[in-house]
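For reference, the structure discussed in these notes is given below.
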Amino acid sequence: MATEIWHNPKCSKSRTAKAMLDDTGVEYVERRYLDNPPSTDEIRSVLTKLALEPWDITRTAEPEAKELGISAWGRSPADRERWIDALATHPRLIQRPIVLTDDGRAILARSDDTLDALR
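Residue numbers (our numbering): 12 to 130.
Structural data, given as structure tokens:
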């Protein structure tokens, strides 16, 4: 598997992660996930690799999240699939960028520490 970045070019953190990949010479595939949303299976796989739950990677302040009433949703194993379905249906809710490395890891590259893991 090649390294892949789930990228939104309008997001500064996403642009920073992409620039870091460019600077380090890592070959990668850019996935504009708003145009090519991940499936529920892909989201489940990424969550496993991140060791996170879907609510951990959800942008709850987005207007779509407010329209869906996500802040009132439960955060238990029984609620997990509802969240995953929402992320697949409304990819704008997915925190970005997510980098899937060629060695099988996933990184939510939002901070300097996580960006350093891409080096």
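Where is the CB? At the ideal position from N, CA and C, for every residue including glycine.
I need the straight-line Cα distance from residue i to residue j, nearest angstrom please.
{"i": "D103", "j": "K77", "result": "According to the sequence shown, residue 103 is Arg rather than Asp. One C-alpha to the other measures close to 12 Å."}
{"i": "L32", "j": "S23", "result": "14 Å"}
{"i": "L61", "j": "L111", "result": "10 Å"}
{"i": "T125", "j": "R26", "result": "14 Å"}
{"i": "W85", "j": "D127", "result": "The question names Trp, yet the displayed sequence has Gly at residue 85. If you take the alpha carbons of G85 and D127, they lie about 33 Å apart."}
{"i": "K21", "j": "A13", "result": "23 Å"}
Residue i lies in the alpha helix (DSSP H); which residues open and close that run?
{"i": "E11", "result": "Because the chain spans 12 through 130 in this model, residue 11 falls outside it and cannot be assessed."}
{"i": "P74", "result": "P74 to L79"}
{"i": "K21", "result": "Counting along the chain, K21 falls outside any alpha helix (DSSP H), and DSSP gives it neither H nor E."}
{"i": "S56", "result": "T51 to L61"}
{"i": "A97", "result": "R91 to T100"}
Should residue i be flagged as near chain C, meaning a C-beta pair shorter than 8 Å?
{"i": "E53", "result": "Of the protein chains in the structure, only one exists, and it is not chain C."}
Can you check DSSP and say which residues form a bridge with residue i?
{"i": "I105", "result": "T69"}
{"i": "T14", "result": "Y39"}
{"i": "A30", "result": "For A30, which the question treats as bridged, DSSP gives no partner whatsoever."}
{"i": "V110", "result": "I16 and I118"}
Compute the distance between the beta-carbons of residue i and residue j, then report whether it is under 8 Å.
{"i": "W17", "j": "P88", "result": "no"}
{"i": "D96", "j": "T51", "result": "yes"}
{"i": "P49", "j": "A99", "result": "yes"}
{"i": "Q106", "j": "R70", "result": "yes"}
{"i": "L58", "j": "N19", "result": "no"}
Can you tell me where the beta strand (DSSP E) holding residue i begins and where it ends?
{"i": "I118", "result": "A117 to L119"}
Would you say the segment 30 to 39 touches the segment 59 to 68, given that touching needs at least three Cβ pairs under 8 Å? no
Are three or more beta carbon pairs between the segment 39 to 58 and the segment 73 to 90 nearer than 8 Å? no
Using 8 Å as the threshold, is the segment 84 to 96 in touch with the segment 116 to 124, meaning 3 or more CB pairs across them? no
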